[in-house]
DNA sequence: TTTCCAAATGAACAAGCGTTCAGTTAAATG
DNA sequence: CATTTAACTGAACGCTTGTTCATTTGGAAA
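What follows is the structure in structure tokens.
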């Protein structure tokens, strides 16, 4: 039943990545089989290898894709102004970007140990870039006298952990709107670093 | 080669749990086989079933054990005084308890999805107990007028995420002592909720 | 010294794994 | 209409999985 209408690879390719992302987020990389992913897409396991050289690369592409999307979106957000303004921008950006992508967040933070060594290094470098963007803002705030941050690197990790933790409890359709969540978290972030 | 000296079950039992904890923390529950665990202990896979009815129960016992240890230790810490004092006590307790147990923390936060439904519910209930202890302190602080916490439940989740996130970067023998980490994090926690 | 039995072995089970590939299908091309 | 070829099937590959169990081991108890 190959090629019912048009070239299928444009359709099947994204379907494979979507199915893989959802299943891996739900059960974990090691617990999901290529046959399960194929079944979700509606093809046989062998056909998956038209879209990925192997299972490991499929995971890597999902994680790398998420990180490059994140960095590109941060770039596009184009944070300007003094450190306080940029910190608010970063905080709201982080929440707005991550809240609608619970599966990507889950996979990107839980499956690091299932990446091969070189793939891990690549993803880690991208993550580090993102962390560094926040750290720069904190250091600038210290220099401006707007923040009191004794150890910018640790505060960076603390803030990102706090913000990313939203994904642990947030469920769309829950009792809180995105705007409400943003303001609560921005309030905590601001107070925890403000001079 | 059964029973070289004394009853082995007292020795092998803990060795099985230790090996399982270390391996699962490193590679994940689904990626670790019973043969790997047995190999680490120095026995055959079949002998593991003298110590656990199945692999799932082995994971559950590790996670439930961690949570009950945590709750017992919190109880023993016996936090007293006004809300600010108790919040400092909780913050320092959390860090001191979690820092020396990186494997338990990792497993307890990463393997929830690999628990069967009833086992998940049991672990989740214990986790909820721990979160509630912090939430009570925040509510008390609001009542005292010492804290400004618009949504105690969310602040609870935010603080626990921030504190538990230490395990993501902390390595024993790193550049920071436990005491230094405690004071940095307590400073952030205090400022983020203080009225 | 003999008996006992906790604790382990090691083989076996059916099922599932990632991956390969010769063959089939049908839309697109000439 | 004939040919090409991207996309997929379905079977097969060697290997690993969790779990069971008859059998063996050797220290402790009688």
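Residue numbers (this note's numbering), protein chains in the order written: chain A, -7 to 187; chain B, -7 to 187.
Every residue gets a Cβ at the ideal spot worked out from N, C-alpha and C, and that includes glycine.
- The three-state reading of DSSP puts residue 23 (chain A) in coil, since its state is none of H, G, I, E or B.
- Close CB contacts of residue 93 (chain B) within its chain, under the 8 Å cut and outside five residues either way in sequence, are with 58 (chain order).
- For residue 157 (chain B), the neighbours in chain A by C-beta distance under 9 Å run, in chain order, 149, 150, 152, 153, 154, 156 and 157.
- Within the same chain, and ignoring the five residues on either side of residue 119 (chain A) in sequence, the residues whose Cβ sits closer than 7 Å to its Cβ are 59.
- Inter-residue distance for residue 163 (chain A) and residue 177 (chain A) is about 16 Å (C-alpha atoms, whole angstroms).
- DSSP places residue 64 (chain A) within a helical segment (H, G or I) once states are collapsed to three.
- Taking every protein chain shown into account, the CB of residue 166 (chain B) has fewer than 16 other CB atoms within 10 angstroms, so this residue is exposed.
- Closer than 7 Å at the C-beta level to chain A, one finds these residues of the region 104 to 134 of chain B: 105 and 106.
- Per DSSP, the beta-bridge partners of residue 186 (chain B) are B:139.
- A distance below 8 Å separates the beta carbons of residue 104 (chain A) and residue 115 (chain A).
- Using a Cβ-Cβ cut-off of 8 Å, residue 25 (chain A) does not count as an interface residue toward chain B, since no Cβ of chain B sits closer than that to its own.
- Within a 10 Å sphere around the beta-carbon of residue 108 (chain B) sit fewer than 16 other beta-carbons, which makes this residue exposed.
- Distance from the CA atom of residue 80 (chain B) to the CA atom of residue 182 (chain B), rounded to whole angstroms, is 8 Å.
- For residue 151 (chain A), the uninterrupted alpha helix (DSSP H) run begins and ends at 144 to 156, by DSSP.
- Residue state for residue 164 (chain A) is assigned as coil, using DSSP reduced to three classes.
- With a cutoff of 8 Å on beta-carbon distance, residue 8 (chain A) and residue 51 (chain A) are scored as not near each other.
- Cβ neighbours of residue 21 (chain A) within its own chain (closer than 7 Å, five residues either side excluded): 51, 103 and 106.
- Distance check between residue 155 (chain A) and each of B:161, B:159 and B:147 places B:147 closest, using alpha-carbon atoms only.
- A direct Cα-Cα distance of roughly 33 Å separates residue 82 (chain A) from residue 136 (chain B).
- When the Cα atoms are used, residue 117 (chain B) and residue 88 (chain B) turn out to be separated by approximately 23 Å.
- Where residue 94 (chain B) is concerned, the enclosing alpha helix (DSSP H) starts and stops at 94 to 102.
- Using a CB distance cut-off of 8 Å, residue 146 (chain A) counts as an interface residue toward chain B.
- In this structure the region 29 to 43 of chain A lies against the region 10 to 19 of chain A, because at least three pairs of beta carbons, one per stretch, are closer than 8 Å.
- In this chain, the alpha helix (DSSP H) harbouring residue 81 (chain A) covers 75 to 90.
- Under the 8 Å criterion on CB atoms, residue 95 (chain B) is classed as non-interfacial with respect to chain A.
- Put simply, the backbone Cα of residue 47 (chain B) is about 18 Å away from that of residue 95 (chain B).
- Buried is the label assigned to residue 100 (chain B), since at least 16 other Cβ atoms lie within 10 Å of its Cβ.
- At a cut-off of 8 Å between C-beta atoms, residue 18 (chain A) counts as an interface residue with respect to chain B.
- In the structure shown, residue 15 (chain B) adopts helical secondary structure according to DSSP, grouped into three states.
- Not a single C-beta of chain B is nearer than 8 Å to the C-beta of residue 53 (chain A).
- Ranked by how close their Cα comes to the Cα of residue 91 (chain B), the residues B:180, B:142, B:3 and B:158 have B:158 in first place.
- Excluding sequence positions up to five before and after residue 133 (chain A), its CB lies within less than 6 Å of the CB of 75 and 139, all in the same chain and listed in chain order.
- Scanning chain A for C-beta atoms nearer than 7 Å to the C-beta of residue 22 (chain B) yields 20, 22 and 23, reported in chain order.
- Taken through DSSP and simplified to helix, strand or coil, residue 31 (chain B) comes out as helix.
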